[in-house]
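Contents: one structure, followed by commentary.
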Amino acid sequence: MLELKTPQEIAAMGVTGAFIADLLDDLAQRAQPGVNLLDLEHRARDLIAQRGAVSCYWDYAPSFGRGPFRNVICLAVNDAVLHGLPHDYALLDGDLLTLDIAVTIDGWAADSARSLVVGTPRAEDLRLIEATERALAAGIAAALPGNRLGDISAAIGGVAADYGYPVNTEFGGHGIGRTMHEDPHVSNTGRAGRGLKLQPGLTLAVEPWFARTTDKIVYDPDGWTIRSADGSRTAHSEHTIAVTDGAPLVLTASKHAAASPR
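First residue of the sequence shown: 1, per UniProt numbering; consecutive thereafter.
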């Protein structure tokens, strides 16, 4: 069921979004060579508890997972991209790390992800991350009242095509609000002018993710971690946004980055 949010409800989601942005800033600073993924997981738990927030991931049990997810953040390294299960792994210089988290505060959810290079970057990794960030910005820019959901998807897919990256359509963005996953699904490629008409009050998690050389995925034995099928590196960028009467609001924007789409 599609629920349009009031300005007051969107403002409440913005409180959650601001917390998530600060949390991701904190973890990104801590993600250095030698740091264990479990240290990042426990830091996220501490920050969530201190704020009185509630993890959307803890006990999350969709049809594709193996048992409930008993962590508060997804941490994916190199060829892993989605639902990365935190585990005993010390980050290496040059690793490509994706941080993805969703929480609720006072009953309102927000969801965000960012990819970064740990230590010394490789040019091809920076290009991949840049592609997801530019695709995210393009998708957000298309989230205008009167446009269609397909305009967001087409904008994301267009950036992927410009960079030469294939697009997987099994997982994409989604509606968000009272819960982490609401209608509608937001594909990372599509046809402009098609699909749901965008209205003020619609809140979405827009999340382009790409692998360098494949659109196929495989699952780890843990039943959660999703990787590129050919082992190529991956990146993922996500914001929670609200459609308004004018420009879209980015509810999970970091204070250290521009709050509007680039």
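Glycine residues also receive a C-beta, built at the ideal position from the N, C-alpha and C atoms. A quick note: this is a predicted structure, and the numbers were derived from the prediction, not measured.
Whether residue i touches residue j by CB criterion (8 Å)
i: residue 117; j: residue 226; result: no
i: residue 129; j: residue 99; result: no
i: residue 140; j: residue 248; result: yes
i: residue 102; j: residue 180; result: yes
i: residue 19; j: residue 53; result: yes
i: residue 152; j: residue 135; result: no
i: residue 205; j: residue 173; result: yes
i: residue 218; j: residue 235; result: no
i: residue 190; j: residue 154; result: yes
i: residue 40; j: residue 30; result: yes
i: residue 265; j: residue 27; result: Within the shown structure, residues of the chain are numbered from 1 to 262, placing residue 265 beyond reach of any answer.
i: residue 123; j: residue 163; result: no
i: residue 71; j: residue 57; result: yes
i: residue 77; j: residue 84; result: yes
i: residue 252; j: residue 17; result: yes
Residue span of the beta strand (DSSP E) that contains residue i, given as start and end
i: residue 227; result: 226 to 228
i: residue 75; result: 74 to 77
i: residue 217; result: 217 to 219
i: residue 203; result: 203 to 206
i: residue 117; result: 108 to 117
i: residue 16; result: First-last for residue 16: 7 to 30, but that is the alpha helix (DSSP H), not the beta strand (DSSP E).
i: residue 82; result: 80 to 82
i: residue 256; result: No beta strand (DSSP E) contains residue 256, which DSSP labels as neither H nor E.
i: residue 234; result: 234 to 236
Presumed contact (8 Å Cβ cut-off) between residue i and residue j, rounded CB distance
i: residue 210; j: residue 137; result: Actually they are not in contact, since the Cβ atoms of residue 210 and residue 137 sit about 14 Å apart, beyond 8 Å.
i: residue 184; j: residue 2; result: 7 Å
i: residue 175; j: residue 243; result: Contact doesn't hold; Cβ gap of about 11 Å is too wide.
i: residue 231; j: residue 95; result: Not really, about 14 Å apart at Cβ, beyond 8 Å.
i: residue 188; j: residue 208; result: 5 Å
i: residue 75; j: residue 97; result: 7 Å
DSSP beta-bridge partners of residue i
i: residue 36; result: 90
i: residue 174; result: 185 and 205
i: residue 61; result: Partner(s): none; residue 61 has no beta bridge.
i: residue 242; result: 203 and 249
i: residue 54; result: 104
i: residue 211; result: 234
Limits of the alpha helix (DSSP H) - the one that residue i falls within
i: residue 124; result: 123 to 141
i: residue 97; result: No alpha helix (DSSP H) contains residue 97, which is instead part of the beta strand (DSSP E) from 96 to 105.
i: residue 154; result: 149 to 163
Residue-chain proximity (residue i, chain B), Cβ-Cβ < 8 Å
i: residue 216; result: No chain B appears in the structure shown, which is made up of a single protein chain.
Segment contact, 8 Å Cβ cut-off, at least three pairs: the segment 138 to 152 with the segment 193 to 210: yes
Note to self: Does the segment 99 to 115 come into contact with the segment 236 to 255, if we say contact requires no fewer than three beta-carbon pairs (one atom in each stretch) closer than 8 Å?
What the structure shows: yes
Three Cβ pairs or more, each shorter than 8 Å: is that satisfied between the segment 6 to 24 and the segment 35 to 55? yes
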